[in-house]
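Report on one structure; see the data block that follows.
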Amino acid sequence: MSDDATPRTALHRRSFLKFTGALGAATAITTSLSACSSGPESTNDTGGEGGSDHLTAVIGYGNDQSWDPTKTASAFTMAANHHIYEGLLDTDPITRKPYPALATEVPRDLSATTWRFTLRDGAKWHDGKPVTADDVIFTFDRILKTETPLLATSFIGPWLKEARKVDDRTVELILKFPFPEGAPRLTIAKIMPEHVFGKAGGWEAADGGKAIGSGPYRQTAHHPKSNTTFAAFADYNGPRRPTFKTMNWLSIVDAAPRVAKISGSNAGAQIAENIPYANVDQLQKQGLTVEGGAGMNHMFLLFNTGHKPFDDIRVRQALFYAIDTEKMIQAGLRGHGKPASSFLDTGNPTYRKAKTVYGYDPKKARQLLAEAGVKDLTINLQAVNVSWIVDCIPTIKASWDAIGVKTTLQPQETSAVFSKLDQKKDFQVVAAASNPNQFGIDADLIMHYNYGPNNTWMGYARWQNNPTAKHLFTLMDRATREPDAAKKKQMTQDYIDIVAENAVIYPVVHNELITAWDPKKITGIRPQPYPGINVLTAKPVKS
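Following the working numbering, the numbering of the sequence shown begins with 42 at its first residue and continues without gaps.
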């Protein structure tokens, strides 16, 4: 891409599916690990020494997708990789403020177009070999020079031109234009050892679960569909020292056994994420700390603007105004959510209430449908079968039925929904879940997740060639390149008003993600507003 070209979208849905395998059938993967990664061969709750120095965690997502940091969007893997690998810079899991990880400091002038980094003296890979500048160049070349764009390419390629070696411990990143927001995105570019993954078959091994980094924990065993174990890396000399000698992360996708694992006096885990709203009170009464993280997790509606009458902005707006979001939040989310008042959640640093806010107004909804000349509208609402989405969509049906729009609910496997979209099959409206906070919180990243001239989501919506869409994309490009932070923020807020008004892909509610932990056994936990856990600042409670 030339320096003056429109940046590629931060994340294409098709890339997301391709690199994670989340929506397709499980693929066979190798579980071979390096010689330094030894561990138990059982797949039960073992893998640690027990006692207060051992942590057992329950993750509500699979551990059998790609483990390649340049490709994966797996919630389990991304969380694990933050403990195994380091970027030049990494970020606080809540504030997302960057801090030096493999590098010794954050560049003092993030508005410059050259960032120089010195590697931490004595940094080693988990197999004992030293980390070098060649490993950094190897990683960034993988991201920037690949013939097939990777997930990390989508986030980093639009603003980073190249990585240059200065000497064995010094590298420079050359930017295409000033882009301070790129600093926290460097945590996505986990540095990987060239001597391991640069060999023939290295990337395939990374896909299959092989993980050798420079971070505070090394992977000791990996059992797809069951668990992954870790041990403190004795030679780690970075800023986030390991506080647990061993960890065992269990992959338990089904809600009931996940909750059971952390419940009762003989609970087998100290922390679990993705807790169902219905179990919050139960776990609190057992003495667990149960807290939600609010962020960009949301249910959105996607309209097919190529299918009449959804090409009419008034119809899309009417259907949003018709939804009783407060009822949805109480009935479907047990109070753990907020009606969307912008594409961004209210906690985002760039948030501003949009000029168009879809408060519950069935009278206005009927009026807009009448103005559009729409009568006797029938909708088949396709929805992913994520449990909380399934709990929310009955409110949509009741709301739309109440304004005379006969609605049929069609919840189905997520893979089925997006396979149809990828095959360009006709549809009317889709309800699904999304959370780009997994990758970052800057508004540019979030908005490009769904909107952009080459964005897969725009292809789903059949909206990319609309004159309003083309104008929006131009405004987005200008905001990306704007060097003044205050002006960039205002430009972003202004174009989000256009996104809100047109409601092609737009949130209905933003909801919390719930984490539960035993405060008698672990401290320093902060619930994340995106899937997974981060225990780099947590500590065991000594008995």
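Beta carbons are placed, not taken as given, at the ideal position from N, Cα and C, and that holds for glycine. On a predicted model such as this, the values are computed, not experimentally measured, just so you know.
Item, Value
"Short of 6 angstroms in beta carbon distance, which residues of its chain neighbour residue 462, apart from the five on each side in sequence? Order them along the chain.", "501"
"From residue 100 to residue 323, what distance separates their C-alpha atoms?", "19 angstroms"
"Provide the residue span of the beta strand (DSSP E) that contains residue 140, from first to last.", "139–141"
"For the pair the stretch 537–552 and the stretch 384–398, tell me if three or more CB-CB distances fall below 8 angstroms.", "yes"
"Would you list the residues sitting across from residue 558 in a DSSP beta bridge?", "312, 330"
"Among the candidates 475, 377, 288, whose CA atom is the shortest distance from the CA of residue 574?", "288"
"If you count every other CB in all the chains shown that lies within 10 Å of the CB of residue 334, and 16 or more means buried, which is it?", "buried"
"Between 338, 291, 223, 311, which has its C-alpha nearest residue 560's C-alpha?", "311"
"Return the residue from the list 264, 178, 249, 191 that minimises the CA-CA distance to residue 234.", "178"
"Which of helix, strand or coil does DSSP assign to residue 157?", "strand"
"Would you call the stretch 121–128 in contact with the stretch 221–233, where contact means no fewer than 3 C-beta pairs closer than 8 angstroms?", "yes"
"Would you kindly check if the distance between the Cβ of residue 358 and the Cβ of residue 544 is under 9 angstroms?", "yes"
"If contacts are defined as beta-carbon pairs under 8 angstroms, then residue 342 and residue 472 qualify, I think. What distance do you get, rounded to the angstrom?", "6 angstroms"
"Report back the beta-carbon spacing between residue 139 and residue 145 to the nearest angstrom; my notes put them in contact at under 8 angstroms.", "Their Cβ separation, rounded to whole angstroms, is 13 angstroms, which puts residue 139 and residue 145 out of contact at 8 angstroms."
"Provide the residue span of the alpha helix (DSSP H) that contains residue 440, from first to last.", "428–443"
"Is the beta carbon of residue 452 closer than 9 angstroms to that of residue 424?", "yes"
"By alpha-carbon positions, which one of 102, 205, 266, 220 ends up nearest to residue 214?", "205"
"Can you grab the Cα-Cα spacing for the pair residue 369 / residue 552, in whole Å?", "11 angstroms"
"On the premise that residue 422 lies in contact with residue 455, defined as a C-beta separation below 8 angstroms, what is that separation, rounded to the nearest angstrom?", "The Cβ separation is near 15 angstroms, so there is no contact."
"Where does residue 89 fall in DSSP's three states?", "Bear in mind that a pLDDT of 44 at residue 89, under 50, signals an unreliable position, so the model cannot answer this."
"Return the CA-CA distance between residue 536 and residue 563, expressed in angstroms with no decimal places.", "43 angstroms"
"Tell whether a beta-carbon distance below 9 angstroms holds between residue 117 and residue 481.", "no"
"Considering only the beta carbon of each residue, do residue 154 and residue 217 sit closer than 9 angstroms?", "yes"
"For residue 44, count neighbouring Cβ atoms within 10 angstroms of its own Cβ and tell me buried if that reaches 16, exposed if not.", "For residue 44, the pLDDT reaches just 34, beneath the cut-off of 50, and the residue's location in the model is therefore unreliable, leaving the point undetermined."
"From which residue to which residue does the beta strand (DSSP E) around residue 532 run?", "That residue, residue 532, is in no beta strand (DSSP E); its alpha helix (DSSP H) goes 526–543."
"The alpha helix (DSSP H) with residue 177 in it runs from where to where?", "174–185"
"Do you know whose CA, among 210, 531, 103, lies nearest residue 175's CA?", "210"
"Alpha carbon to alpha carbon, how far is residue 320 from residue 172? Give it in angstroms, no decimals.", "45 angstroms"
"Give the secondary structure of residue 82 by DSSP, where H, G and I count as helix, E and B as strand, and everything else as coil.", "Because residue 82 sits at a pLDDT of 35, beneath the cut-off of 50, its placement in the model cannot be relied upon, and the point is left open."
"So, at 7 angstroms on beta carbons, what are the nonlocal neighbours of residue 141 in its own chain, with the 5 sequence-adjacent residues on each side left out?", "130, 147, 280"
"Please confirm whether residue 522 and residue 347 have their CB atoms less than 9 angstroms apart.", "no"
"Could you tell me if residue 419 is buried or exposed, where buried requires 16 or more neighbouring beta carbons within 10 angstroms of its beta carbon?", "exposed"
"For a quick check, are the C-beta atoms of residue 514 and residue 492 less than 9 angstroms apart?", "yes"
"Considering only the beta carbon of each residue, do residue 469 and residue 351 sit closer than 9 angstroms?", "yes"
"Checking 9 angstroms against the spacing of the C-beta atoms, do residue 104 and residue 269 come in under that value?", "yes"
"Can you tell me the Cα-Cα spacing of residue 325 and residue 266, whole angstroms?", "29 angstroms"
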